[in-house]
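**Student:** Structure below; questions to follow.
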Amino acid sequence: MPDSRRPVWWAALGGLLALALGTASVVAQSAQETAREIERYREAVADSSPGELWEARGEDLWKMPRGPRNVSLERCDLGQGPGVVAGALARLPRWFADADRVMDLETRLLHCMVTLQGLDPAVLRRQPFGNGEQRSDFEALSAWIAAQSRGMTLAPPLDHPAERAAWRLGRELFFVRGGTHDFACTTCHAQSGRRIRLQELPNLSRPEEARRVLGTWPAYRVSQGEMRTLQWRMNDCFRQQRFPDLVFGSEVSVALVSYLLHNASGAALAAPGVRR
Amino acid sequence: MRRLLARALSALQRTSARALCLVLGSVALSLVLAACVVGPPQTMPREPGDAQRVRAALSASFVARGQAGLDRLEQDLAQRLCSEAEAAGKPLSDDRVQAIERENQALIRWPAAGTPLLGDWRSGERIAQSGVGRQWSDAPDVPAGGNCYACHQLSPDEFSYGTLGPSLLRYAVLRAQMPRTELERYTYGRIYNPQAWLACSNMPRFGSHGILTQDQIRDLVALLLAPDSPINR
Chain A
1 MPDSRRPVWW AALGGLLALA LGTASVVAQS AQETAREIER YREAVADSSP
51 GELWEARGED LWKMPRGPRN VSLERCDLGQ GPGVVAGALA RLPRWFADAD
101 RVMDLETRLL HCMVTLQGLD PAVLRRQPFG NGEQRSDFEA LSAWIAAQSR
151 GMTLAPPLDH PAERAAWRLG RELFFVRGGT HDFACTTCHA QSGRRIRLQE
201 LPNLSRPEEA RRVLGTWPAY RVSQGEMRTL QWRMNDCFRQ QRFPDLVFGS
251 EVSVALVSYL LHNASGAALA APGVRR
Chain B
1001 MRRLLARALS ALQRTSARAL CLVLGSVALS LVLAACVVGP PQTMPREPGD
1051 AQRVRAALSA SFVARGQAGL DRLEQDLAQR LCSEAEAAGK PLSDDRVQAI
1101 ERENQALIRW PAAGTPLLGD WRSGERIAQS GVGRQWSDAP DVPAGGNCYA
1151 CHQLSPDEFS YGTLGPSLLR YAVLRAQMPR TELERYTYGR IYNPQAWLAC
1201 SNMPRFGSHG ILTQDQIRDL VALLLAPDSP INR
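Chain order of the listed sequences is A and B. Heads up: the first sequence begins at 1 in this note's numbering, then just goes up one per residue. Heads up: the second sequence begins at 1001 in this note's numbering, then just goes up one per residue.
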């Protein structure tokens, strides 16, 4: 953070403290405090986020020859032509002729690792999400690729019938209640201004709110010390919905990601972001 | 100016209701048409096949893990009808509301005669705080929590509460006019199976779906109703 901003920072902190001590409405205050704390953390790490470690490893993984065929991912076509990384995230998910299906970023990476490098998909699916020492190549690669679309406008294509079908399937899935608790995506994400505990919940069917959150994924999760992708977000929401385990890169995961990213169309990409 | 307004008003009164409906109808229709042509993807109409594709996609996209089997993707009547109505953006018909509420009323199991409906509010507070249970990552033999604070305000001492459900602060005080036995039975049943009263409620059916035991629900009833519970103090 530049030094010139520091006095403003402390003044704001002082103001907040005075406000916190002076108010009777402690409850609303503490909810706002949490949101502000995260915002403050975001600002503090904006110039040197821990996410940069994932970005650096992602770049290495992209360029490093790997797998039985000992080739790099530099011939991987993310939709803008083989090897083109700049702007790729802004135009995903999309339909790929070579696979004849709609793919999001992580699903496409999985496809490239299998078809170009000859890696085993079953083995790759076993470690899609990092957990401390066990690191995920998908999270690192996604972080680096996302950074190459920073500042661009999110505009996933909807021209191909399969892209429209994925969006429509995603919309249906958004409403599906199931599991022991009757939860659907809508239970938490169809109203504005609600919270779980102190965590604010975005109404993801509203473009303004979808744009605000989705432009920052993949994101570094402070509470977990991990870089997380949208595939992880879908998987972990369903875990908390008490559904069975969502398969990495499955039709449901890609359809929901399509629905959400299209709702957020027009968002300024600022990924990898920093979240709670 | 005033005369102009008065004339406009009387002209409006002369217009028959039918004509007004026609005008409003055509305005609405043209708005819908305009949205179809230039609108964002949100206006893409639902097609009859969409709901059917969901079943196939679900069974192809999940695997059983831990205690969460694929049977959890099978929807019961309430889950199916509520999802469908919400996706269509239309309220359920009265018939369907009654069918759901009748079916769920029949699922409520009451404690044995003579067992008080109020358990221990201190244990209830612990159940209200705990969010574990029924996820594939949870140990299946550990008792589940109710996670009430995720959505409701309860004790005034707990600041970290959600707002998806209504505040339950002073729950019993605010319902003091209700006959006590009735209030106790309503509260127990409302936690055991909320959809017996409110079809498509967002609240889990804690008893009917085997999330909480009868005794755990009695402890939560005590948390809500006991005079010395922090909620009513």
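All residues carry an ideal CB built from backbone N, CA and C; glycine is no exception. Since we're looking at a predicted model, the values are computed, not measured.
Please state whether the Cβ-Cβ distance between V247 of chain A and F1062 of chain B is less than 8 Å.
**Tutor:** Here residue 247 of chain A is taken as the residue at index 247 of the first sequence, counted from 1. Here residue 1062 of chain B is taken as the residue at index 62 of the second sequence, counted from 1. A contact, by the Cβ cut-off of 8 Å.
**Student:** Exposed or buried, N1232 of chain B, counting other C-beta atoms within 10 Å across all chains shown (16 or more means buried)?
**Tutor:** On the second sequence, position 232 is the one that residue 1232 of chain B refers to. So N1232 of chain B ends up on the buried side.
**Student:** So which residues on chain A does N1202 of chain B lean against when the C-beta distance must stay under 7 Å?
**Tutor:** Here residue 1202 of chain B corresponds to residue number 202 of the second sequence, with the count starting at 1. Within chain A, the residues near N1202 of chain B are T187.
**Student:** If you follow the beta strand (DSSP E) that Y220 of chain A is in, where does it begin and where does it stop?
**Tutor:** In the first sequence, counting from the first residue as 1, residue 220 of chain A sits at position 220. Counting along the chain, the beta strand (DSSP E) containing Y220 of chain A begins and ends at A219 to R221.
**Student:** Between which two residues does the alpha helix (DSSP H) holding E1047 of chain B run?
**Tutor:** By one-based count along the second sequence, residue 1047 of chain B stands at place 47. Segment: none, E1047 of chain B is in no alpha helix (DSSP H) and carries neither H nor E.
**Student:** Is there a Cβ from chain A that is less than 8 Å from the Cβ of L1073 of chain B?
**Tutor:** For the purposes of this step, residue 1073 of chain B is identified with residue 73 of the second sequence, where counting begins at 1. Interface residue, yes.
**Student:** In three-state terms, what does DSSP make of V1221 of chain B?
**Tutor:** Start at 1 with the first residue of the second sequence, and residue 1221 of chain B comes out as number 221. Under the three-state reduction of DSSP, V1221 of chain B is assigned to helix.
**Student:** Kindly indicate which residue of A:L73, A:L53 and A:P68 has the alpha-carbon position closest to the one of L61 of chain A.
**Tutor:** The residue you call residue 61 of chain A lines up with position 61 of the first sequence. For L61 of chain A, the nearest C-alpha among the options comes from A:L73.
**Student:** Just to check, is the beta-carbon of I1217 of chain B closer than 7 Å to a non-hydrogen atom of the ligand MG?
**Tutor:** Absence of the ligand MG is noted for the structure shown, with no ligands found whatsoever.
**Student:** Would you say S1208 of chain B and L1107 of chain B are within 8 Å of each other, going by their C-beta atoms?
**Tutor:** Against the second sequence, residue 1208 of chain B aligns to sequence position 208. Against the second sequence, residue 1107 of chain B aligns to sequence position 107. In this structure, L1107 of chain B lies closer than 8 Å to S1208 of chain B by Cβ.
**Student:** As a quick exercise: from B:L1183, B:E1103 and B:L1164, pick the residue whose alpha carbon is nearest that of N1147 of chain B.
**Tutor:** Along the second sequence, one-based indexing puts residue 1147 of chain B at 147. Residue B:L1164 is the option with its Cα nearest to N1147 of chain B.
**Student:** Measuring CB to CB, does Y1192 of chain B end up less than 8 Å from I1217 of chain B?
**Tutor:** Taking the first residue of the second sequence as position 1, residue 1192 of chain B is located at position 192. Taking the first residue of the second sequence as position 1, residue 1217 of chain B is located at position 217. In contact: Y1192 of chain B and I1217 of chain B (Cβ atoms closer than 8 Å).
**Student:** Judging by CA-CA distance, which residue of A:A155, A:E200 and A:G170 is the nearest neighbour of A267 of chain A?
**Tutor:** Counted from its first residue, the first sequence places residue 267 of chain A at position 267. Checking every option, the nearest Cα to that of A267 of chain A belongs to A:A155.
**Student:** What is the DSSP secondary structure of G249 of chain A, counted as helix, strand or coil?
**Tutor:** Stepping through the first sequence from its first residue, residue 249 of chain A is reached at position 249. Note: G249 of chain A maps to coil in three-state DSSP.
**Student:** Which of the three DSSP states is assigned to N131 of chain A in this structure?
**Tutor:** On the first sequence, residue 131 of chain A is found 131 positions in, with the first residue counted as 1. N131 of chain A falls in the strand class under three-state DSSP.
**Student:** Three-state secondary structure (DSSP) at G1066 of chain B?
**Tutor:** Translated into the one-based positions of the second sequence, residue 1066 of chain B becomes position 66. In this structure, G1066 of chain B counts as coil in the three-state DSSP scheme.
**Student:** Scan the stretch 151-170 of chain A for residues whose Cβ lies nearer than 9 Å to a Cβ of chain B and list them as they occur along the chain.
**Tutor:** The stretch 151-170 of chain A vs chain B, Cβ under 9 Å: L158, R164, A165, W167, R168 and L169.
**Student:** Report the option in B:Q1129, B:A1085, B:P1140 and B:P1230 whose CA atom is closest to the CA atom of R1046 of chain B.
**Tutor:** As a working note, residue 1046 of chain B is residue 46 in the second sequence. Ranking B:Q1129, B:A1085, B:P1140 and B:P1230 by Cα distance to R1046 of chain B puts B:A1085 first.
**Student:** Helix, strand or coil: which one does DSSP assign to A1006 of chain B?
**Tutor:** Residue mapping note: residue 1006 of chain B aligns to position 6 of the second sequence, counting from 1. Reliability of the predicted coordinates at A1006 of chain B is poor, the pLDDT of 48 falling under 50, and no value is obtained from them.
**Student:** List, in order along the chain, the chain A residues whose C-beta lies closer than 7 Å to that of R1236 of chain B?
**Tutor:** Because chain B here runs from 1001 to 1233, residue 1236 of chain B falls outside it and cannot be looked at.
**Student:** Nearest to H189 of chain A by alpha carbon, out of A:P202, A:L198 and A:R177?
**Tutor:** Looking up residue 189 of chain A in the first sequence gives position 189. Closest option to H189 of chain A, Cα to Cα, is A:P202.
**Student:** Measure how close the beta-carbons of D236 of chain A and R1065 of chain B come, nearest whole angstrom, since I'm counting them as under 8 Å.
**Tutor:** What you label residue 236 of chain A is simply residue 236 of the first sequence in a count that begins at 1. What you label residue 1065 of chain B is simply residue 65 of the second sequence in a count that begins at 1. Not a contact, Cβ separation roughly 13 Å.
**Student:** Going along the chain, which unbroken runs of the alpha helix (DSSP H) with 4 or more residues stay wholly within the stretch 187-247 of chain A?
**Tutor:** 207-214 and 230-240
**Student:** Looking only at C-alpha atoms, which of A:V254, A:W232, A:G273 and A:R171 sits nearest to L92 of chain A?
**Tutor:** Position 92 of the first sequence, counted from the start, is the residue given in the question as residue 92 of chain A. Of the candidates A:V254, A:W232, A:G273 and A:R171, the one whose C-alpha sits nearest the C-alpha of L92 of chain A is A:V254.
**Student:** Is there contact here, the stretch 155-173 of chain A with the stretch 1109-1127 of chain B, by at least three beta-carbon pairs under 8 Å?
**Tutor:** At 8 Å Cβ cutoff, the stretches do not touch.
**Student:** What residue from A:V85, A:G118 and A:D98 has the CA that sits closest to R69 of chain A's CA?
**Tutor:** Taking the first sequence and counting its residues from 1, one reaches residue 69 of chain A at position 69. Of the candidates A:V85, A:G118 and A:D98, the one whose C-alpha sits nearest the C-alpha of R69 of chain A is A:G118.
**Student:** Is it true that the stretch 1085-1104 of chain B meets the stretch 191-206 of chain A, where meeting means three or more beta-carbon pairs spaced less than 8 Å apart?
**Tutor:** The way I'd put it, the stretch 1085-1104 of chain B doesn't touch the stretch 191-206 of chain A; fewer than three beta-carbon pairs between them come closer than 8 Å.
**Student:** I'd like to know whether the C-beta of H181 of chain A is nearer than 8 Å to at least one C-beta of chain B.
**Tutor:** Looking up residue 181 of chain A in the first sequence gives position 181. Judged by the 8 Å Cβ criterion, H181 of chain A is in contact with chain B.
**Student:** Taking only beta-carbon atoms, is D100 of chain A less than 8 Å away from chain B?
**Tutor:** Mapped onto the first sequence, residue 100 of chain A falls at position 100. Chain B, which has no Cβ nearer than 8 Å to the Cβ of D100 of chain A, makes this no.
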